[in-house]
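So that you can map any letter, position 43 of the sequence shown is 43 in the UniProt record's numbering, and since no number is skipped, the others follow by simple counting. Read the structure below first, then the notes.
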Amino acid sequence: MKLSDLPNIISVLRLIAVIPVVYLLVVQEFGWALILFVIAGISDGLDGFLAKHYGWQSRLGGLLDPLADKILLVCCFLVLGSQGLIPLWLVLAVIFRDLVIVSGALLYNYLVAEVEAAPILISKVNTAMQILLVVAVILDAGVVDLPEVLIGALIWACLITVVVSGVQYVWIWGRKAIAKGRKPD
C-alpha cells in the first residue's frame, strides 16, 4: 500500500460504512446512525482533500468516491422512506434522477464518446440538500425535535434540486451528444 492509495481506501471504508448506517437506521438507533453518517461525510471531505491536495487522484477514486456517496444517500433515503420519515415520492424522485443520470452517462459513453464526469453546481447543491435532509430527519427522529417547517422546507428544496439538476444533466449531455453526432470523427 502506498500513501497515494489513502483516498481510495477511505472511499472503500465509506462504502462499507453503509452497512452499519443502514442497520442502525433500521433498528432506529438514530443517534449512532447520525454519528456514523457524519463520520462518513467527514471521510468524503478528507478523501477529496487528500486526492486533490497531494495529487493522489486516480480513475478508481473518481468512480469510488461518488459511488460511495450515492449508495450511502440512496440507502438512507430508502430506509427513512420505508419508515415514513421521508415521503415516498421524494425517495422515488431521488432514485429516478440517479438512474436517469447513470443510464444517460452509460449510453453516452457507449454511443457517443467517453464521459468526462464533472458535477454541475446544481448537482452539488442537490447533494448538499439530500445530506441536510437526511441529517435533519435522523435528528428529528431520535435525537432532538426539529420544527416541522424546517423538515418540510428541506423536503421541498431537495425535490426542487433533484428535478432541476436531473433536467440540467439531460439538457447538457443531450446537447453534447447532438453536437458530437454532427461532427466528423
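We treat Cβ as the ideally placed atom computed from N, Cα and C, and that holds for glycine. Everything numeric in this text was worked out from a predicted model, so none of it was measured.
Beta-carbon gap between residue i and residue j smaller than 9 Å
| i | j | result |
| --- | --- | --- |
| Ala117 | Val162 | no |
| Ser4 | Trp89 | no |
| Asp65 | Ser123 | no |
| Ile101 | Val18 | no |
| Val143 | Phe49 | no |
| Val91 | Gly81 | yes |
| Ile95 | Tyr169 | no |
| Phe37 | Val27 | no |
| Leu154 | Leu133 | yes |
| Lys180 | Val112 | yes |
C-alpha gap between residue i and residue j, whole angstroms
| i | j | result |
| --- | --- | --- |
| Tyr108 | Trp173 | 8 Å |
| Ala177 | Gln130 | 29 Å |
| Ile151 | Ser43 | 25 Å |
| Lys52 | Gly62 | 11 Å |
| Arg14 | Leu34 | 14 Å |
| Leu25 | Ala68 | 18 Å |
| Val125 | Ile86 | 19 Å |
| Ala141 | Gly45 | 26 Å |
| Phe77 | Asp98 | 13 Å |
| Tyr23 | Asp47 | 24 Å |
| Val115 | Trp32 | 38 Å |
| Gly84 | Glu148 | 14 Å |
Collapsed DSSP secondary structure at residue i in the structure displayed
| i | result |
| --- | --- |
| Leu47 | One detail in the question is off: residue 47 reads as Asp in this sequence, not Leu. Three-state DSSP puts Asp47 in a helix. |
| Ile120 | coil |
| Val135 | helix |
| Pro87 | coil |
Any non-hydrogen atom of the ligand PLP within 8 Å of residue i CB
| i | result |
| --- | --- |
| Asp140 | This structure does not include the ligand PLP; it has no bound ligands of any sort. |
Secondary structure, beta strand (DSSP E): runs of 3+ residues fully inside the segment 46 to 76: Segments of the beta strand (DSSP E) lying fully in the segment 46 to 76: there are none.
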